[in-house]
Amino acid sequence: MIRTRLKEIVDDCFRAGVRENQWSDAAADKYTVEVPKHENQGDFSTNMALVLAGIEKKNPREIAAQVVERLKNVQELIERVEIAGPGFVNVTIKESVWQQLLKEIDDQQESYGRSDFGGNRRVMVEFVSANPTGPLSIGHGRQAILGDGIARLLEATGHDVYREYYYNDAGRQMRVLGESVRARYLELIGRDHEFPEDGYQGEYIYDIARKLVETEDQSLADCESVDPFKQAAERTIFEDISTTLKRMGITFDNYYNEQSLYENGHVDSVIKELTDKGLVYEKDGATWFKTTELGQEKDRVIIKSSGEPTYRLPDIAYHREKFRRNFDWLVDIFGSDHIATVPDVRAGVEALGYDSSKITVVLHQFVTLMRDGKQVKMSTRKANFITVDELLDEVGVDAARFFFMMRKPDSQLEFDLDLATKESQENPVYYVQYAHARVCSIVRQAVEKGVALPTTADADLSLLVEPEEVGLLKQMGSFPTLIESCAMDLEPYRVIFYLMELAGLFHSYYNKHKVISDDSALSRSRLCLISGLRTVFGNGLKLVGLSAPEKM
RNA sequence: GCGCCCGUAGCUCAGCUGGAUAGAGCAACGGACUUCUAAUCCGUAGGUCGCACGUUCGAAUCGUGCCGGGCGUACCA
776 MIRTRLKEIV
786 DDCFRAGVRE
796 NQWSDAAADK
806 YTVEVPKHEN
816 QGDFSTNMAL
826 VLAGIEKKNP
836 REIAAQVVER
846 LKNVQELIER
856 VEIAGPGFVN
866 VTIKESVWQQ
876 LLKEIDDQQE
886 SYGRSDFGGN
896 RRVMVEFVSA
906 NPTGPLSIGH
916 GRQAILGDGI
926 ARLLEATGHD
936 VYREYYYNDA
946 GRQMRVLGES
956 VRARYLELIG
966 RDHEFPEDGY
976 QGEYIYDIAR
986 KLVETEDQSL
996 ADCESVDPFK
1006 QAAERTIFED
1016 ISTTLKRMGI
1026 TFDNYYNEQS
1036 LYENGHVDSV
1046 IKELTDKGLV
1056 YEKDGATWFK
1066 TTELGQEKDR
1076 VIIKSSGEPT
1086 YRLPDIAYHR
1096 EKFRRNFDWL
1106 VDIFGSDHIA
1116 TVPDVRAGVE
1126 ALGYDSSKIT
1136 VVLHQFVTLM
1146 RDGKQVKMST
1156 RKANFITVDE
1166 LLDEVGVDAA
1176 RFFFMMRKPD
1186 SQLEFDLDLA
1196 TKESQENPVY
1206 YVQYAHARVC
1216 SIVRQAVEKG
1226 VALPTTADAD
1236 LSLLVEPEEV
1246 GLLKQMGSFP
1256 TLIESCAMDL
1266 EPYRVIFYLM
1276 ELAGLFHSYY
1286 NKHKVISDDS
1296 ALSRSRLCLI
1306 SGLRTVFGNG
1316 LKLVGLSAPE
1326 KM
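Using our numbering, read the first sequence as starting at 776 and increasing by one per residue.
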């Protein structure tokens, strides 16, 4: 990676300055090497002189001059070094360095952009985790794509990723679900029934009940327990959910259920341990967790006076199990409505002797669905919501993935159905895919015209001197760095922005320059560039789970 | 009330953890297909970065206080 190599050179320069008492080493690790905003500011820029000047109380431009003197003598990589603005040192890289990048891409192919910097660390990504009370909603869709994007990034950077889906099958929600199914079942067989006040009203409840009538006939009419209804609902709904997820290309290594935490005694043992540590007490018939002793504002109920635990308790037990299962890093993807559980879980595992800093929580904001310029209001219980399945029917998998991933998690996501449905033009999904298809088309043309596809060895890469070509090379060269930083920050949306930018550069280039021409030497060089682009577009698209069509 | 997130072009959003002249896409307007796919390109226009102080060589970015929106603040998950 070119930036990394340059950073090493700049670091050497810094250390040499320290050795010769030009400056102290107080600025070590404080300065950066970055890509500047404007084109006339070189390929990379370091703020070392500015940082040093702040510490040493010296004139930044004077220090910059010293930095320049040192870098000037470096033969490797560097074409030109200059001082700019308040004291930036701008470095221009030799064109040949960019051109040689194509060899690297050619060698690495599918693995260009991948790295092993994760060191095979075992990381669990927990996401979706929707309770099986109904079809996946739009909000779950965002989470599914976000979590999957994060998982893919971590895989690409050498982490050992385990995807897990956690669901609550023990609580009140599922009981209400079972009661809702029972009511519909009784209704269908013509018995008296009372629909629960806060029951689930969706049409899918009838479907489940209808199935029960088919398989069980009237045998459940006088059944005391809701369990058969609950189980039937859970089974059917889960089938639906996993079908939907598969449609989006998402699979899990494991589904973990709350019930098992009770069956295996994990919940009890959490209570016991916390009690032993004096962090639990009884009040008003409920059991409380002394979170105030762990830095929070108030204590929290972990077992209700009814005897049922609150969500906190199994959540803590579950996270302790994650630690016990020997993961090095726990990534939780939650909707922002679940934010309240985060401090409780952290406090809980911390109290149980685990290092909560190994948990990273990615919270994402809500999705608002827009149709005809107006917001579509939704509620799961009332069942007037658009499911992920319906969305996929309407806009397709690629558009759904693209739109869900396009925004940073902190922002509310406005999903414009009209825009995503549009088959063309304004729809940004096609912009990137079209770039890939175009690249593939050029390759096809070359083959048809009998132009042998060159390897980087038998092309003169020094012919790639057009500004658009060098610009493309630079963008292609930053791909591996980008993937690493996206993975580290758990931000798949930036991959989308990168690809859009690369596509923009390519489309401009395409409109201005001909790849296959009478000049066979030039054609060969440009075909190498095109072939590199195909690799980067293909790798990038696949990395975020989008298809890379060869024709459109 | 308190906690977290958001506020940047008419709309939807970037802005790489404090840098150099504020960036895209869409919408608007004007151009480019006998030439590797026009699902594309080129150009024009569009801004008190919510407001006000503060921190410093330098702030959209950091701090404080307001304003506006979202989500929490359950013996719901």
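Just so you know, even glycine gets a beta-carbon here, dropped at the ideal spot from N, CA and C.
Legend entry - Distance, Ile1016 Cα to Leu1166 Cα: 14 Å
Legend entry - Range covered by the alpha helix (DSSP H) that runs through Gln918: 913-931
Legend entry - Given Asn1286 as reference, the closest of Lys1326, Glu1243, Val900, Asp1164 once Cα atoms are compared: Glu1243
Inset, instruction - Using three-state DSSP, classify Leu1318 as helix, strand or coil. - result: helix
Legend entry - Among Leu987, Glu954, Asp787, nearest to Ile964 - alpha-carbon criterion: Leu987
Inset, instruction - Check Trp798 in the structure and name its three-state DSSP category. - result: coil
Inset, instruction - Can you grab the Cα-Cα spacing for the pair Arg855 / Leu781, in whole Å? - result: 13 Å
Legend entry - Pairwise C-alpha distance: Asp1294 and Ile1134: 57 Å
Legend entry - Residue environment, Leu928, which counts as buried when at least 16 other CB atoms sit within 10 Å: buried
Inset, instruction - With a cut-off of 8 Å on the beta carbons, I'd call Ile838 and Trp873 a contact; round off their distance for me. - result: About 29 Å separates the two Cβ atoms, so there is no contact after all.
Inset, instruction - Going by CA-CA distance only, name the one from Arg1213, Gln976, Lys1149, Lys832 that's closest to Leu1194. - result: Lys1149
Legend entry - Exposure label - Asn834; buried when at least 16 CB within 10 Å: exposed
Legend entry - alpha helix (DSSP H) runs wholly inside the stretch 922-1004, at least 4 long, in chain order: 947-963, 978-991
Legend entry - Start and end residues, beta strand (DSSP E) containing Ala1278: Element bounds for Ala1278: not the beta strand (DSSP E) but the alpha helix (DSSP H), 1268-1287.
Inset, instruction - My understanding is that Ser1300 touches Asp1235, with C-beta atoms under 8 Å, so please give their C-beta distance in whole angstroms. - result: 6 Å
Legend entry - Top-ranked residue by Cα proximity to Thr1019, from Lys1047, Glu962, His915: His915
Legend entry - Identity of the residue in Lys847, His1288, Val849, Met823 nearest Asp800 by Cα: Met823
Legend entry - Same chain, Cβ closer than 6 Å to Leu1192, five either side skipped, listed in chain order: Arg1146
Inset, instruction - Would you kindly check if the distance between the Cβ of Gln1250 and the Cβ of Gln1187 is under 8 Å? - result: no
Legend entry - Cβ-based neighbour list, Glu1068, same chain, cut-off 8 Å, excluding 5 preceding and 5 following: Leu1054
Legend entry - Alpha carbon of Asp997 to alpha carbon of His968, nearest angstrom: 11 Å
Legend entry - Ala839, enclosing alpha helix (DSSP H) - first and last residue: 835-847
Legend entry - Residue closest to Gly1082, alpha-carbon to alpha-carbon, out of Lys1073, Arg1095, Asn1101, Glu1057: Glu1057
Inset, instruction - Would you kindly check if the distance between the Cβ of Glu1072 and the Cβ of Thr1143 is under 8 Å? - result: no
Legend entry - Limits of the unbroken alpha helix (DSSP H) element including Met1263: 1254-1264
Inset, instruction - At 4 residues or longer, and completely inside the stretch 1200-1225: list those alpha helix (DSSP H) runs for me, N to C. - result: 1203-1223
Inset, instruction - Check whether the stretch 1314-1323 touches the stretch 895-902, counting contact only when three or more Cβ pairs, one atom from each stretch, lie closer than 8 Å. - result: no
Legend entry - Residues that DSSP places opposite Trp1381 in a beta bridge: Residue 1381 is absent from the structure shown; the chain starts at 776 and stops at 1327.
Legend entry - Three-state class that DSSP yields for Leu1069 in the structure shown: helix
Inset, instruction - Using only alpha-carbon positions, find the residue among Tyr941, Ala802, Ile925 that is nearest to His934. - result: Ile925
Inset, instruction - Take the Cβ of Gly1060 as the centre, count every other Cβ of all protein chains shown within 10 Å, and call the residue buried at 16 or more, exposed below. - result: exposed
Inset, instruction - Determine the burial state of Gly1040: buried for a count of at least 16 other Cβ atoms within 10 Å of its Cβ, exposed for fewer. - result: exposed
Inset, instruction - Indicate the three-state DSSP secondary structure (helix, strand or coil) for Asp818 in the structure shown. - result: coil
Inset, instruction - Could you check which residue in Tyr979, Glu962, Gly860 has the C-alpha nearest to that of Gln993? - result: Glu962
Legend entry - Through-space distance from Lys1289 to Val1137, alpha-carbon basis: 45 Å
Inset, instruction - With Glu1125 as the anchor, note down where its alpha helix (DSSP H) starts and where it stops. - result: 1116-1126
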